[in-house]
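Okay, so here's the structure we're looking at.
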Amino acid sequence: MAEDKTAEYGYGAGDGVVDVNPKPQKGLTSKVIDFVEKLIVKYMYDSSQPHHYLAGNFAPVHETPPTKDLHVIGHLPECLNGEFVRVGPNPKFGPVAGFHCMIHGLRIKDGKATYVSRYVKTSRLKQEEFFGGSKFMKIGDLKGIFGLLMVNIQMLRTKLKVLDVTYGHGTDAIKVLEDGDLQTLGLLDYDKRLKHSFTAHPKVDPYTGEMFTFGYAHEPPYITYRVISKDGFMHDPVPITVPAPIMMHDFAITENYAIFMDLPLYFRPKEMVKENKLIFTFDATKKARFGVLPRYAKNEAQIRWFELPNCFIFHNGVPTSFLINLNADIFCPLILIPFYRPGSPRRLEVLMLDLNYVA
Numbered sequence: 008m009a010e011d012k013t014a015e016y017g018y019g020a021g022d023g024v025v026d027v028n029p030k031p032q033k034g035l036t037s038k039v040i041d042f043v044e045k046l047i048v049k050y051m052y053d054s055s056q057p058h059h060y061l062a063g064n065f066a067p068v069h070e071t072p073p074t075k076d077l078h079v080i081g082h083l084p085e086c087l088n089g090e091f092v093r094v095g096p097n098p099k100f101g102p103v104a105g106f107h108c109m110i111h112g113l114r115i116k117d118g119k120a121t122y123v124s125r126y127v128k129t130s131r132l133k134q135e136e137f138f139g140g141s142k143f144m145k146i147g148d149l150k151g152i153f154g155l156l157m158v159n160i161q162m163l164r165t166k167l168k169v170l171d172v173t174y175g176h177g178t179d180a181i182k183v184l185e186d187g188d189l190q191t192l193g194l195l196d197y198d199k200r201l202k203h204s205f206t207a208h209p210k211v212d213p214y215t216g217e218m219f220t221f222g223y224a225h226e227p228p229y230i231t232y233r234v235i236s237k238d239g240f241m242h243d244p245v246p247i248t249v250p251a252p253i254m255m256h257d258f259a260i261t262e263n264y265a266i267f268m269d270l271p272l273y274f275r276p277k278e279m280v281k282e283n284k285l286i287f288t289f290d291a292t293k294k295a296r297f298g299v300l301p302r303y304a305k306n307e308a309q310i311r312w313f314e315l316p317n318c319f320i321f322h323n324g325v326p327t328s329f330l331i332n333l334n335a336d337i338f339c340p341l342i343l344i345p346f347y348r349p350g351s352p353r354r355l356e357v358l359m360l361d362l363n364y365v366a
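Its first residue numbered 8, the sequence shown is counted upward by one per residue in my numbering.
Encoded structure:
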């Protein structure tokens, strides 16, 4: 449940939050680039094939203002007050899936329920609304020689200032209003201390109020770990060394450690062009590695890496730093949600990392 977290963490409009007001430019240049892009997209995507992530349960939905007094099956205790929110992709423009975020909120108060859904008002969304269509490159575009062309289209739009890319890295600050509505305040860049990407799965310690996060990049340092205090101060970055650029979508935090997953889904632009692959390539010949770092470490000197059989994991469950009556510093159990091949059974996996193990 969420109750105006912008107030709890000291965030608000004009208080460490950057107002997002991009200045894209229409004109002849924009039209010429659009024409070239449409030709590329025509050959990239087979219009006769259904877009699975734009249909059925994945189909985009419209914004919904606060809808009050929802029908409740059963009973909502009057003492249960707050708002449950979730964020998911909801492309606003077709014909291929773009990346816009929508927040769905369920407000529970005084035994009644209210539903609302709102787009996150990012710089990207505002500019594409200005143009009336998708303009920013999507990860699904990065495949084969056409992917290289799409990269150049993006660079051209940036260089000619068709798109405004002056807004740096940051997270979007969202305010939960009293009626349950959701308002985007702007970009939270932690007083310009955030200079890298920010995971979709930061972890908040419910006891200390601290947030733990990381970002990954295609150039060194490939992984950067950060700790954010309860009052919103982002501590210095801790670069994490891995051999090559990877996709690391999630990580884990326990009472004592941060756990990083160096898994063999590699960023390989050369293979994208030469072998007509997506820009991220899974290498089934490489082993998986898990790095365990004291969660308040100032550098990576104390990290310990564990090698495991080849696998890839998008998400993990709630890890703990204890196991029944064993010493808390010995085991770091992880509940893992691995990536399986089509047709294979889905199941949770439990991984135990023994910090006393000596090879």
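Glycine included, every Cβ here is placed at the ideal spot set by N, Cα and C.
Item to check | Close-in-space but distant-in-sequence residues of the same chain around valine 25 (CB under 8 Å, 5 per side omitted) | outcome: Tyr174, Gly177, Gly193, Leu194, Leu195, Asp196
Item to check | For aspartate 188, three-class secondary structure by DSSP | outcome: Looking at aspartate 188 - three-state DSSP - the assignment turns out to be coil, as it is neither helix nor strand.
Item to check | For glycine 63, the nearest candidate out of Gln190, Asn97, Ile115, Glu90 (CA to CA) | outcome: Asn97
Item to check | threonine 36, DSSP secondary structure in three states | outcome: helix
Checklist entry - Which term fits alanine 291, buried or exposed, when burial requires 16 or more other beta carbons within 10 angstroms of its beta carbon? => result Exposed, by the Cβ-count rule.
Item to check | Among Tyr364, Gly147, Arg311, nearest to methionine 279 - alpha-carbon criterion | outcome: Gly147
Checklist entry - How big is the Cα-Cα spacing for leucine 170 and proline 31? => result 5 Å
Next on the checklist: Out of Lys116, Cys86, Leu285, which one is the CA nearest neighbour of glutamate 185?
Outcome noted: Nearest C-alpha to glutamate 185: Lys116.
Next on the checklist: Measuring only the C-alpha atoms, how far is glycine 298 from phenylalanine 42?
Outcome noted: 47 Å
Item to check | Same chain, Cβ closer than 7 Å to lysine 168, neighbours up to 5 away in sequence not counted | outcome: Gln32
Checklist entry - Expressed to the nearest angstrom, what Euclidean distance is found between the alpha-carbon atoms of proline 29 and cysteine 108? => result Distance between the alpha carbons of proline 29 and cysteine 108: 18 Å.
Item to check | methionine 144, buried or exposed, once every other Cβ within 10 Å from all chains shown has been counted against 16 | outcome: buried
Item to check | Own chain partners of glutamate 44 with C-beta closer than 8 Å, once the 5 adjacent residues on each side are dropped | outcome: Once the five neighbours on either side are set aside, the close Cβ partners of glutamate 44 are Met157, Ile160.
Checklist entry - Buried or exposed: where does aspartate 243 fall if 16 or more other Cβ atoms within 10 Å of its Cβ makes it buried? => result exposed
Item to check | Cutoff 7 Å; reference leucine 113; Cβ partners in own chain excluding five residues on either side | outcome: Glu90, Phe91, Ala120, Tyr122
Next on the checklist: Do valine 234 and glutamate 217 count as a contact pair if the criterion is CB distance below 8 Å?
Outcome noted: yes
Item to check | 8 Å Cβ cutoff met for lysine 305 and valine 245 | outcome: yes
Checklist entry - Buried or exposed: glycine 118, going by 16 or more other Cβ atoms within 10 Å of its Cβ? => result It is exposed - the Cβ of glycine 118 has fewer than 16 other Cβ atoms within 10 Å.
Item to check | Cβ distance (whole Å) where isoleucine 264 is taken to contact arginine 296 below 8 Å | outcome: Reading the sequence as shown, one finds tyrosine at residue 264 and not isoleucine. Contact between tyrosine 264 and arginine 296 is ruled out by a C-beta separation of about 15 Å, above the 8 Å threshold.
Item to check | Residue closest to lysine 293, alpha-carbon to alpha-carbon, out of Gln309, Asp76, Glu307, Leu272 | outcome: Leu272
Item to check | Beta carbon of valine 94 nearer than 8 Å to that of threonine 191 | outcome: no
Item to check | Unbroken stretches of the beta strand (DSSP E), 3 residues or longer, contained in the region 207-267 | outcome: Within the region 207-267, the complete beta strand (DSSP E) runs of at least 3 residues are 218-223, 230-235, 245-247.
Next on the checklist: Among the candidates Leu35, Lys133, Lys166, Thr220, whose CA atom is the shortest distance from the CA of proline 209?
Outcome noted: Thr220
Item to check | One or two residues paired with threonine 121 in a DSSP bridge | outcome: Arg114
Checklist entry - Once you ignore the five residues that flank leucine 315 on each side, which residues in its own chain have a CB closer than 6 Å to its CB? => result Apart from the 5 residues on each side of it in sequence, leucine 315 sits with its Cβ closer than 6 Å to the Cβ of Ala295 in its chain, given in chain order.
Checklist entry - What three-state label does DSSP hand isoleucine 310 in the structure shown? => result coil
Next on the checklist: Measuring alpha carbon to alpha carbon, tell me which residue in Thr206, Pro213, Phe321 is nearest isoleucine 230.
Outcome noted: Thr206
Item to check | Bridge partner(s) assigned by DSSP for cysteine 108 | outcome: Pro96
Next on the checklist: Using C-beta distances below 6 Å, list every residue in its chain close to histidine 395, excluding the 5 sequence neighbours before and after it, in chain order.
Outcome noted: As displayed, the chain neither begins before 8 nor continues past 366, which places residue 395 out of reach and without an answer.
Checklist entry - For the putative contact between phenylalanine 274 and isoleucine 253, defined by C-beta atoms under 8 Å, what is the C-beta separation to the nearest angstrom? => result 7 Å
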